[in-house]
Amino acid sequence: MPRMILSGSVREHAGGLGTIEVGGATAAAAIQSLEAAYPALRGWIVDERGALRRHVKLFRRGEAIALDAPVAPADEVHIVAAISGG
Amino acid sequence: MTELLVGTKKGLMVLRGSGGRPLEIAGRAFAGEVVEFATRDRRSGRYFAAVTHGQFGPHLFFADDPTKAWAQAEGPAFPTAAKAAVERIWVVEPGIGDGILWCGVAPAALFRSTDGGKSWALVEGLWNVPERGNWEPGAGGLCLHSICPWPGDAKRLAVGISSAGVWLTEDAGRSWRRSVGGLVPRYLPEEARKDTHAYCVHNMHRAPRQPHTLYMQFHGGVYRSDDGGESWNDIGSDRGLPSDFGFPLVVDPHDPDRAYIIPLKADADRVTPDGCVRVYETSDRGSTWVARGDGLPRSQAYLTVLRQAFCSDGGNPLGLYFGATSGEVFGSVDGGRTWSTVAERLPPVASVRCGDN
Numbered sequence: 001m002p003r004m005i006l007s008g009s010v011r012e013h014a015g016g017l018g019t020i021e022v023g024g025a026t027a028a029a030a031i032q033s034l035e036a037a038y039p040a041l042r043g044w045i046v047d048e049r050g051a052l053r054r055h056v057k058l059f060r061r062g063e064a065i066a067l068d069a070p071v072a073p074a075d076e077v078h079i080v081a082a083i084s085g086g
Numbered sequence: 001m002t003e004l005l006v007g008t009k010k011g012l013m014v015l016r017g018s019g020g021r022p023l024e025i026a027g028r029a030f031a032g033e034v035v036e037f038a039t040r041d042r043r044s045g046r047y048f049a050a051v052t053h054g055q056f057g058p059h060l061f062f063a064d065d066p067t068k069a070w071a072q073a074e075g076p077a078f079p080t081a082a083k084a085a086v087e088r089i090w091v092v093e094p095g096i097g098d099g100i101l102w103c104g105v106a107p108a109a110l111f112r113s114t115d116g117g118k119s120w121a122l123v124e125g126l127w128n129v130p131e132r133g134n135w136e137p138g139a140g141g142l143c144l145h146s147i148c149p150w151p152g153d154a155k156r157l158a159v160g161i162s163s164a165g166v167w168l169t170e171d172a173g174r175s176w177r178r179s180v181g182g183l184v185p186r187y188l189p190e191e192a193r194k195d196t197h198a199y200c201v202h203n204m205h206r207a208p209r210q211p212h213t214l215y216m217q218f219h220g221g222v223y224r225s226d227d228g229g230e231s232w233n234d235i236g237s238d239r240g241l242p243s244d245f246g247f248p249l250v251v252d253p254h255d256p257d258r259a260y261i262i263p264l265k266a267d268a269d270r271v272t273p274d275g276c277v278r279v280y281e282t283s284d285r286g287s288t289w290v291a292r293g294d295g296l297p298r299s300q301a302y303l304t305v306l307r308q309a310f311c312s313d314g315g316n317p318l319g320l321y322f323g324a325t326s327g328e329v330f331g332s333v334d335g336g337r338t339w340s341t342v343a344e345r346l347p348p349v350a351s352v353r354c355g356d357n
C-alpha cells in the first residue's frame, strides 16, 4: 500500500502521525483514503471540490505530481506545505 | 472582567483584565495563522474562531475555553454540486432559536448550523438566487460579511454582501430578495448606477431593541433603514463627518438611535483622516455625528481599522473596543466619551469581539 508522508501542522489532524499507509491507485484516491481514515483532515489537503490547496504540493520519488498521478503500492507520497505566507 | 477576542494575522489573542486598563494576553491560539474572526455565542458560552491557514485553507474551530484546546467544526464547506470552495470565513453570528447560528463566507454564501456551530450546511436559497451570476467582488473579495437576525422572529434575516448589496429573507433562508433602495453607488458613473448589481456594503448591523432599524456603512455613504432593510436613508452626507467611507460600525444594543462609526479617508487611502483617530457617534439616528477622540491618538496616526475590528460589550454604560492593523487595541468603558489603549504591539488586527458580553 502507498504511504502518505505528512509534514507540519497537518499531522495534528491525523493523530500526530507522520506516515500513514493508505489505499488508492492515484494520488487523489490515496488522499480520499487518508481523509476517510482521518476525517479531521478533510478540507486541509484538498478543498471541497477535490482540488489541491494552492500552496500544497505532492511529491513522489522526488518529483512533484498532480492529483491524477498514479501511485504504486511501494510509493511514498510526501504532502508538503509550500513555502508561502509572511 | 473584560475579555476581548482579537483575531490577528498571527493568531488569536485572548485579552483579559479590568475595563479601562491595559489588558493582558491571557492566551494565544493558532499561532502563526490568520484568525480572521473570533466571537462567543453568549447563549451557549461557546467560542468560535475562523482561521485561514496559509497553506491549508480556511477552517472554523470552536472551544468552551479560548485559552485551551479548540475543536474543528464540520464545515462550512460547499456541497459538491455547488462547484465552489470556501476561500475565507468572514463572520459567525448567533441566530434566533436553540442551537441556530449563521456563518458568512467568501465566495459570498451563507451557512447555517442547527447544533450550536459544530456542523454547517449551505443555505441553498441564497446560493441559488438567479442574480448571483452578476455578483462582483469588492477589493476584499466577494464576501458575505454582515448577518442581522431579527430578535423574536427566526424567519427574518438580513445579510450584507460586498459588493452585491443587502438581501432579505422572511422564510428562514428559503427565498431571498435584494433590497438596495436608497443606496447610491457613487463609485460608478451616474449613468451606470441604475442597472448595476455592484452595491458595496461594507458593514451592517441591526438595532436589537428596534429590529426594523438597521445601520449601514457603505463604500462611500452611511445609511439607516427604518423598515427592516427595505429602503435606506442617507445619514452620512453634510453631517460633519470627515469622511463617509469606512468599514467599522457598532449599534448600541440598548438604544436604537445610537450608533458608532470610524471613518477612513476614501477610498484608496483607507486610513484615519488627517492622522487623527476618532470614533463618530450619533445619538439621533444619524441626524448629527459627534467626534469621540478623548484618549485616542490625535496626530501622526494613520490607522486602518478593518470591517470586523470594532465591537461593543453590550454593557450599560456601553464598552467599545477597536483594533488597528498597526497592532493597537483601544477601549472605552463610557460609551465612547473617553478612550485608552488597552493593548499594543500585537500583530495586525483583523477582528475584535467581546467574549464577556
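Residue numbers (the working numbering), protein chains in the order written: chain U, 1 to 86; chain W, 1 to 357. Here a beta-carbon is modelled for each residue, glycine too, at the ideal position from N, C-alpha and C.
Within 10 Å of its beta-carbon, does residue i have 16 or more other beta-carbons around it, so buried, or fewer, so exposed?
{"i": "L17(U)", "result": "exposed"}
{"i": "S299(W)", "result": "exposed"}
{"i": "A82(U)", "result": "exposed"}
{"i": "S225(W)", "result": "buried"}
{"i": "E63(U)", "result": "exposed"}
{"i": "K428(W)", "result": "There is no way to answer for residue 428(W), as the model of chain W reaches only from 1 to 357."}
{"i": "P248(W)", "result": "buried"}
{"i": "S175(W)", "result": "exposed"}
{"i": "A81(W)", "result": "exposed"}
{"i": "N203(W)", "result": "buried"}
{"i": "T39(W)", "result": "buried"}
{"i": "M4(U)", "result": "buried"}
{"i": "E33(W)", "result": "buried"}
Thinking C-alpha only, which one of the options is nearest residue i?
{"i": "V250(W)", "options": "Y321(W), V333(W), W150(W)", "result": "Y321(W)"}
{"i": "L188(W)", "options": "W167(W), S163(W), S243(W), V277(W)", "result": "S163(W)"}
{"i": "H197(W)", "options": "G228(W), F48(W), E131(W), H145(W)", "result": "E131(W)"}
{"i": "F37(W)", "options": "W339(W), A309(W), G319(W)", "result": "A309(W)"}
{"i": "G220(W)", "options": "A301(W), A268(W), H205(W)", "result": "A268(W)"}
{"i": "D252(W)", "options": "L318(W), N203(W), S179(W)", "result": "L318(W)"}
{"i": "A343(W)", "options": "V333(W), G7(W), V329(W), C103(W)", "result": "V329(W)"}
{"i": "Y47(W)", "options": "F61(W), Q55(W), G32(W)", "result": "F61(W)"}
{"i": "M1(U)", "options": "R11(U), I20(U), S9(U), R42(U)", "result": "I20(U)"}
{"i": "G54(W)", "options": "K9(W), A71(W), A29(W), D41(W)", "result": "K9(W)"}
{"i": "G117(W)", "options": "M204(W), G295(W), G75(W)", "result": "G75(W)"}
{"i": "T114(W)", "options": "P263(W), I89(W), S44(W)", "result": "S44(W)"}
{"i": "G27(W)", "options": "P66(W), G355(W), S351(W)", "result": "P66(W)"}
{"i": "V277(W)", "options": "P297(W), R285(W), I261(W)", "result": "P297(W)"}
{"i": "A50(W)", "options": "L4(W), C103(W), E24(W), E3(W)", "result": "C103(W)"}
{"i": "E48(U)", "options": "M13(W), E87(W), K68(W)", "result": "E87(W)"}
{"i": "R292(W)", "options": "V333(W), V180(W), E230(W), W150(W)", "result": "V333(W)"}
{"i": "R285(W)", "options": "Y260(W), G19(W), T338(W)", "result": "Y260(W)"}
How is residue i classed by DSSP in three states: helix, strand or coil?
{"i": "V305(W)", "result": "coil"}
{"i": "G173(W)", "result": "coil"}
{"i": "V10(U)", "result": "helix"}
{"i": "D284(W)", "result": "coil"}
{"i": "P79(W)", "result": "coil"}
{"i": "N316(W)", "result": "coil"}
{"i": "L5(W)", "result": "strand"}
{"i": "L142(W)", "result": "coil"}
{"i": "S18(W)", "result": "coil"}
{"i": "E131(W)", "result": "helix"}
{"i": "L41(U)", "result": "helix"}
{"i": "E190(W)", "result": "helix"}
{"i": "D274(W)", "result": "helix"}
{"i": "G54(W)", "result": "coil"}
{"i": "G125(W)", "result": "helix"}
{"i": "I96(W)", "result": "coil"}
{"i": "A108(W)", "result": "coil"}
{"i": "E35(U)", "result": "helix"}
{"i": "A350(W)", "result": "strand"}
{"i": "A29(W)", "result": "strand"}
Cα separation between residue i and residue j?
{"i": "S33(U)", "j": "H13(U)", "result": "14 Å"}
{"i": "R16(W)", "j": "V129(W)", "result": "43 Å"}
{"i": "W120(W)", "j": "A158(W)", "result": "19 Å"}
{"i": "R60(U)", "j": "F78(W)", "result": "30 Å"}
{"i": "P122(W)", "j": "F111(W)", "result": "Per the sequence shown, residue 122(W) should be read as Leu rather than Pro. C-alpha separation (whole angstroms): 4 Å."}
{"i": "L369(W)", "j": "C148(W)", "result": "Here chain W covers residues 1 to 357 and nothing more, so residue 369(W) does not appear."}
{"i": "A51(U)", "j": "G331(W)", "result": "43 Å"}
{"i": "G240(W)", "j": "S340(W)", "result": "24 Å"}
{"i": "A63(W)", "j": "A69(W)", "result": "7 Å"}
Proximal residues, the stretch 266 to 298 of chain W versus chain U, C-beta separation under 8 Å: none
Contact list for the stretch 4 to 25 of chain U against chain W, Cβ threshold 9 Å: G8, S9, V10, H13
Members of the stretch 3 to 18 of chain W near chain U, C-beta cut-off 7 Å: none
Residues of the stretch 34 to 67 of chain W whose Cβ lies closer than 7 Å to any Cβ of chain U, in chain order: G54, Q55, F56, G57, H59
Under 8 Å (Cβ pairs) to chain W, residues found in the stretch 57 to 81 of chain U: A81
Contacting positions in the stretch 27 to 40 of chain U - beta carbon closer than 7 Å to chain W: A40
Where the stretch 232 to 258 of chain W meets chain U: residues whose CB sits under 8 Å from a CB there: none
Cβ-based contacts, 7 Å cut-off: residues of the stretch 310 to 334 of chain W near chain U: none
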